[in-house]
Structures are given as C-alpha cells and as structure tokens.
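Remarks on the structure that follows.
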Amino acid sequence: MNNDQIAEAFEQIAQLLQVEDANVFRIRSYERAAETIRGLGPELSDIRESEAGLQGIPGIGEAIADKIEELLDTGELSFLQDLLDRYPPGFLELLKIPGLGPKRAALVFHELGVGSVDQLEEACVREQVRELKGMGAKSEQKLLQAIESYWRGRERALLGAMLPQAETIVEFLRELPAVISADYAGSVRRGRETVGDLDVLATSDDPAAVCKAFGEGGLLAEVTSAGGTKVSGTLPGGRQVDLRVVAPESYGAALVYFTGSQQHNIRLRERGQDRDLKVNEYGVFCADEHDGDDQEGERVAGDTEAGVYAALDLAWIPPELREDRGEIQAAAAGELPDLIESSDIRCDLHIHTNWSDGRASIAQVAESARERGYTHLGITDHSASLHVAGGISADAVRAQREEVDALNSRYVEQDADFRVLLGHEADITTDGALDLTYEVFDTVDFVVGAIHQGMSADADRMTARVVGAIETGMVDLIAHPTGRVLQTREAHGMHVSELAGAAAQFDVALEISATPDRLDLSDVHARLAQERGAKLSINTDAHSIASLDFMRFGVLTARRGWIEAETVINTWPLERLTTAWLQQRRGSSESA
DNA sequence: GCCGTTTTCGGCCCGACTGTTTTCAGTCG
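Just so we're aligned: 403 in numbering that gives the first Met the number 0 is position 404 of the first sequence, and the numbers increase by one with no gaps anywhere.
Structure representation (structure tokens):
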C-alpha cells in the first residue's frame with residue numbers, strides 16, 4: 000500500500016468516528032495523521048525500516064503506527080473494516096453533501112435507513128427528512144439543492160480551472176465602491192493542485208454593503224447563505240464560493256485564517272496559546288486573564304500577515320507552504336527555503352511544435368516565449384515511435400536543426416538576447432529501450448525522456464524502465480515522471496525515491512510538468528527529489544501558444560514542494576544550461 | 001489518539017451562519 004492509500008484509510012476512520020460521535024480529539028488525531036501521511040515524501044514502508052521508525056513522524060503514536068503496520072502487512076485494517084461493516088457501501092459518500100455532516104448522516108441512517116446519496120434524495124422528495132428532530136422543510140429543500148449541485152460539480156476542480164475564476168471574482172470585488180482591498184485565499188492561494196471551493200476575502204468599512212453587492216452582482220448562480228460579513232453561493236458551474244468581509248485592521252489576520260490550511264491554523268493558534276495570545280480572524284490578542292469576562296485583550300497584530308506571524312515569533316510563511324509540513328518549525332528557526340518565483344524562470348524546455356502534434360511553428364513559439372520575458376526556449380517534438388503524436392524521423396530532426404540554426408542566426412543579427420535550443424522527446428518504449436538513434440542524439444541540444452505507452456506495468460518495472468533510460472547517459476530530462484493525470488489516471492506506481500536517487504547520481508533533471516491536469520512531479524515528490532539532490536525542470540509541455548501560460552501552475556507546485564530556484568534548471572542563464580551543464584554532461588557520457 | 005525539560009494525565013483553535021429553536025446544535029472552514 001502506498002502513502003495515499005493509507006492516508007485514505009485514516010480519513011475514512013475519522014469520518015466514521017464522527018458519525019459514531021467519538022471524542023473529537025481522537026478524531027482530530029486520525030485526520031491529522033492522514034494529512035501528515037499525504038505530505039510525506041518517503042513511503043511509509045521505507046520509514047518503517049528506518050531508524051526513527053513510524054513513531055518518529057509527528058502525530059503518529061503507538062496506536063496509529065500499529066494500524067499502519069497492519070495496512071502495510073495485510074493491505075487491510077480490521078478496525079476500519081469493523082466500522083465500515085456497520086453501514087451500507089455508499090454511506091461515506093453521503094458526507095460529501097454540503098450541509099449533511101456526521102450528525103445528520105447518522106440521523107437519517109438510523110431513523111430512515113438512508114445509506115446513500117440516492118436514498119437521501121428519495122427521502123427528501125418523499126418529505127420524510129423534515130419529520131426528523133432538528134430538521135424541517137427548509138433543511139430538506141437545502142439538502143435537495145446540495146445534492147443537485149453535488150451531482151453537477153462532483154469532487155474537486157483543477158487549480159488551472161479555478162485560479163482564473165478566483166481572479167475574476169477578485170477583480171469584480173475590487174471595483175465595488177465599498178471595497179478597500181480584495182484577494183483570493185484558501186487552497187487556490189496555497190496553489191493546491193485541486194480545489195474544492197473558492198475562498199475570497201475583502202476589507203471594507205461597510206461589510207454589509209459588500210456582501211449585498213456580491214450576492215446581487217450576477218457572478219453567483221445561487222446564494223446559499225448571506226450574513227453581514229459572510230456570503231456563500233455557487234458559481235454557474237456549481238462550484239461553491241465563500242466571501243468573507245472584515246475591517247482593514249483585521250486584513251492580515253483574516254488572510255491568514257482564510258488561506259489555511261486548517262492544520263496550519265491550528266498550529267498557529269496553539270503557538271499563540273503558548274504565548275498567552277489568542278489568534279482569530281480579527282487579529283492576535285492578549286489572552287484575557289479575567290475569568291468569565293468576555294472582553295477581548297489588547298490587540299497586538301492583525302493588519303498584515305507578516306505582523307500576525309511576527310507576533311508568534313515567526314517569519315512570514317509563503318502561502319504555498321502552509322500545510323503543517325514543517326513550515327512553522329522552519330519559520331521559527333529562520334530556516335524557511337528561499338522559494339523559486341515565476342520571475343526566476345528564464346525558459347520553457349518542453350514544447351511541441353507543428354513538426355509533431357503541436358499547433359504553432361517554431362518561430363511562433365519562440366516569439367511568444369520572448370514576449371513572456373524568457374531568454375531561451377527548448378523545442379521538443381516527439382520521437383518517431385510515437386505515431387499517434389506524429390513522431391518525427393531523423394530527417395525531420397535534421398531539418399528542424401537547420402530551421403533552429405537559421406532562427407538563432409537572425410537573433411544574433413538582431414543582437415537579441417534570445418536563443419532556441421533544439422530538444423527531442425524520446426519515448427521510453429515498453430521494453431525499456433530509448434527511442435533515440437545516435438544520429439538524432441548528435442543532432443539535438445538535449446533529450447527529454449518520457450513514457451507514453453505501457454503504463455499499466457507494475458511499479459518495479461516502471462521504475463526500472465525510467466532508471467534504465469537515465470543510465471544510458473543520453474537523456475537530460477525526464478518528463479512527467481510518474482505519468483499521473485489528475486482525476487483521470489492514477490500515477491503508475493513509481494518508486495520516486497529510487498528515481499530521484501538515480502537522477503541525482505547521473506545528473507539528470509526530473510520534470511515538474513506545469514500542465515494543469517498533470518503537475519507531475521507532485522509537490523510532495525518534487526520536495527523528495529530536491530532532498531535527494533536531483534535537479535528539477537519546470538515545463539509546460541505546451542502544444543499551443545496559449546499553453547505556455549501554464550508555467551505558473553508548475554511554479555506554484557514547485558513552491559509547495561519547498562523548491563528553490565537553484566534546483567530548477569529553467570532558472571539558470573543560457574550559458575550555464577548549455578556550456579556548464581548540457582555540454583559537460585554530453586562530454587562525460589561520450590567518454591564513458 | 002497524541003503529546004510533554006513545568007506535565008505520563010489532562011489538556012487539545014476559533015468563530016459565522018442557518019434552521020429550528022425558546023437557548024442552541026450542526027456544519028463549515
């Protein structure tokens with residue numbers, strides 16, 4: 000079992016214990032364990048064998064460690080199975096309906112026998128739910144609406160789809176007269192690869208006016224809840240949006256609170272408690288000494304995020320790191336990473352042109368890259384064996400070479416600070432061979448290795464294929480290393496730790512594909528790779544001009560992985576990339 | 001269930017909004 004599967008088991012335990020009305024702190028322990036495990040780079044099976052062991056992981060004690068061992072050894076967990084056996088198979092899905100939490104799920108199950116979303120819908124239509132204690136006609140109606148939008152929206156959406164929408168909403172808010180400032184927060188601001196709903200924050204001296212204007216502004220298909228400082232609703236696509244409005248002096252505290260993550264916020268508030276400070280979305284306050292007195296203590300911070308963190312003796316923590324994955328300890332010790340920024344990116348090294356399955360010409364792509372402020376660019380069309388993507392022959396590669404050389408000559412004549420590199424995306428075939436002739440290898444400036452076929456093989460075989468390609472010394476960069484496609488295809492089992500080790504040893508870069516439905520390596524895997532000493536490369540894998548804009552999603556993913564600019568070859572000046580790295584690598588592979 | 005050089009027991013983040021309520025539980029983030 001891999002880490003995600005084990006985390007999933009603990010999430011299910013937490014949910015079922017909530018339904019069973021268990022101790023809330025016991026539930027929190029399982030939730031925290033699940034999130035911690037999702038954020039781990041190394042596999043639990045490896046950690047178990049290490050010196051520190053499973054209980055060396057924060058939030059993992061004896062009981063949970065035992066359960067991890069059982070899962071690793073048997074693939075099953077009797078404790079979870081016993082819980083699951085008490086409910087019908089579709090029961091956990093019920094908890095995904097907004098407005099139906101664990102208490103009401105237990106209620107409809109025990110009173111009405113409802114054990115799935117379908118059955119809940121039926122019970123609402125039959126007006127049975129309104130008869131239950133604490134429920135009424137209105138809650139029944141809300142549940143029906145929630146079910147409908149659940150069917151429409153399903154699960155989480157891709158960051159690539161939601162970030163532009165968040166920006167649109169923020170623009171709208173900023174134009175309202177009553178709004179002083181507005182920003183998006185939540186998981187979009189943290190750059191998570193998928194997003195459940197949008198969280199937006201505004202400051203104003205007249206919050207009620209902002210809430211009213213937002214609710215009536217036409218952006219929302221439906222308003223589900225509206226108060227004086229908070230509005231919730233759904234976008235036309237069914238996606239939920241929450242707006243919160245606070246006074247300017249609370250802006251920083253509200254931004255921290257609303258950006259999360261939940262676990263990060265809990266850590267901050269605990270840290271506040273240690274210092275006799277109360278942290279909430281309005282600010283940081285001296286904890287009140289007097290019993291039974293509701294008066295708030297003196298405000299010590301709140302208008303800026305940096306002030307809030309400073310009050311807790313912490314450096315400001317970039318939003319992408321706020322996942323309770325060690326960032327608070329790092330901030331306390333002054334050891335936060337110097338994260339890569341979009342402005343550090345000088346090139347995109349994985350781009351398809353109309354020589355294979357891309358839409359634009361080399362010259363068009365190059366011009367577009369120049370406009371984006373890049374100083375160089377790598378063209379990488381598919382190798383011959385990838386017929387479905389119009390893979391190109393050795394003759395075609397030679398013709399590309401001539402075209403690229405001619406283009407570069409023009410840049411030299413124009414005294415332009417821009418060059419095109421000719422790369423080649425060589426397929427790693429099902430038998431582990433590299434679809435690359437020496438002729439092509441000698442013609443191009445660099446080679447990207449990638450798996451596009453035979454992805455159902457097991458983890459050992461998949462890893463061996465890619466490591467084998469790395470060991471040829473003919474590959475400079477591994478594209479979308481684990482092969483996952485978000486919400487479509489699971490990562491093929493790949494031992495990323497082993498892969499990163501080989502990449503570090505042979506000085507091969509691993510890609511963070513910036514394509515929104517890939518983001519592969521993931522944040523967690525990228526962090527692991529950097530820790531193992533591997534170089535990384537952030538690329539769009541663009542097949543059109545517009546897709547060059549995906550770069551920022553790759554940068555966000557890298558930042559979530561604690562990646563510094565130095566690790567990423569796209570931040571290096573051209574000379575360093577070509578002379579100091581590519582040519583040196585090729586020299587060493589030829590002499591080997 | 002986890003955690004701790006003040007603690008191995010007794011703590012564990014904080015607030016808004018809704019609907020069904022005569023004062024608050026449930027849900028959400």
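Ideal Cβ placement from N, Cα and C applies to all residues, glycine included.
Checklist entry - Excluding the five sequence neighbours on either side, which residues of its own chain have a C-beta within less than 8 Å of the C-beta of S543, listed in chain order? => result G357, R358 and A359
Item to check | From G560, L172, V178 and R321, residue whose alpha carbon lies closest to that of L258 | outcome: The sequence shown places Thr at residue 258, rather than the Leu named in the question. Taking only the C-alpha atoms, the option nearest T258 is R321.
Item to check | Expected contact under 8 Å - CB spacing of L535 and L509 to nearest Å | outcome: 6 Å
Checklist entry - Who pairs with E221 in a beta bridge, going by DSSP? => result T233
Checklist entry - If we ignore side chains and look at the alpha-carbon of each, how far apart do G217 and D20 end up? => result 40 Å
Item to check | Boundaries of the alpha helix (DSSP H) in which I361 is found, first to last residue | outcome: I361 to E370
Next on the checklist: Going by DSSP, what residue range makes up the beta strand (DSSP E) through Y437?
Outcome noted: Note, Y437: premise wrong, no beta strand (DSSP E); alpha helix (DSSP H) at Y437 to T442.
Next on the checklist: With a threshold of 7 Å on Cβ separation, who are the neighbours of A208 within its own chain once the five nearest residues in sequence on each side are excluded?
Outcome noted: A177
Checklist entry - Taking one C-beta from the region 381-388 and one from the region 417-429 each time, how about it: are there three or more such pairs within less than 8 Å? => result yes
Checklist entry - On the premise that A525 lies in contact with H349, defined as a C-beta separation below 8 Å, what is that separation, rounded to the nearest angstrom? => result That belief does not hold up - the Cβ atoms of H349 and A525 are roughly 16 Å apart, past 8 Å.
Next on the checklist: I need the DSSP call for T193, collapsed to helix, strand or coil.
Outcome noted: strand
Checklist entry - From E297, D312 and V240, pick the residue whose C-alpha is nearest to that of G271; which is it? => result D312
Checklist entry - Who pairs with N2 in a beta bridge, going by DSSP? => result Answer is none; N2 lacks a bridge partner.
Checklist entry - Excluding five sequence neighbours on each side, which residues of the same chain lie with their C-beta closer than 6 Å to the C-beta of Y149? => result I96
Checklist entry - When you compare only the Cα positions, how much space is there between D416 and I537? => result 21 Å
Checklist entry - Counting Cβ pairs closer than 8 Å, one from the region 558-565 and one from the region 454-472, do we hit at least three? => result no
Checklist entry - Do you know how far the Cα of G236 is from the Cα of F552? => result 22 Å
Checklist entry - Going straight from the alpha carbon of T167 to that of M161, what length do you get? => result 10 Å
Item to check | Given A677 as reference, the closest of D337, I316 and L338 once Cα atoms are compared | outcome: A question about residue 677 goes unanswered here, because the residues of the chain that appear run from 0 up to 591.
Checklist entry - What runs of the beta strand (DSSP E), each 3 residues or longer, lie entirely inside the region 504-588? => result 508-512 and 534-538
Checklist entry - Can the beta-carbon of R400 be found less than 8 Å from the beta-carbon of L573? => result no
Item to check | Whether T578 touches F549 by CB criterion (8 Å) | outcome: no
Checklist entry - Given a threshold of 16 other Cβ atoms within 10 Å of its Cβ, counted over all protein chains shown, does Q140 qualify as buried or as exposed? => result exposed
Item to check | Bridge partners - F284, DSSP secondary structure assignment | outcome: K277 and R298
Checklist entry - Are the region 92-111 and the region 13-28 touching by the rule of at least three beta carbon pairs closer than 8 Å? => result yes
Next on the checklist: On a Cα-Cα basis, can you pick out the residue from S203, Q144 and A165 that is closest to R188?
Outcome noted: A165
Item to check | Straight-line Cα distance separating R531 from E297 | outcome: 47 Å
Item to check | Local Cβ density within 10 Å of S392, reported as buried at 16 or more and exposed below that | outcome: exposed
Checklist entry - In chain order, what residues of the same chain lie with their CB nearer than 7 Å to the CB of V567, ignoring the 5 residues before and after it? => result I339, L535, S536, I537 and A557
Checklist entry - Around the Cβ of D204, are there at least 16 other Cβ atoms within 10 angstroms (buried) or fewer (exposed)? => result exposed
Item to check | From R85, P480 and L476, residue whose alpha carbon lies closest to that of V507 | outcome: L476
Next on the checklist: Tell me the residue span of the alpha helix (DSSP H) that contains G377.
Outcome noted: From DSSP, G377 is part of no alpha helix (DSSP H) but of the beta strand (DSSP E) over H375 to H381.
Item to check | Residues of its chain near S546, where Cβ-Cβ distance is below 6 Å and the 5 sequence neighbours each way are ignored | outcome: T539
Item to check | 3 or more residues per run - each beta strand (DSSP E) lying fully within the region 72-127 | outcome: none
Checklist entry - Is it true that the CB of V240 sits closer than 8 Å to the CB of L276? => result no
Checklist entry - Thinking just about the alpha-carbon of each residue, which of T374, P318 and G89 is nearest to the one in N407? => result T374
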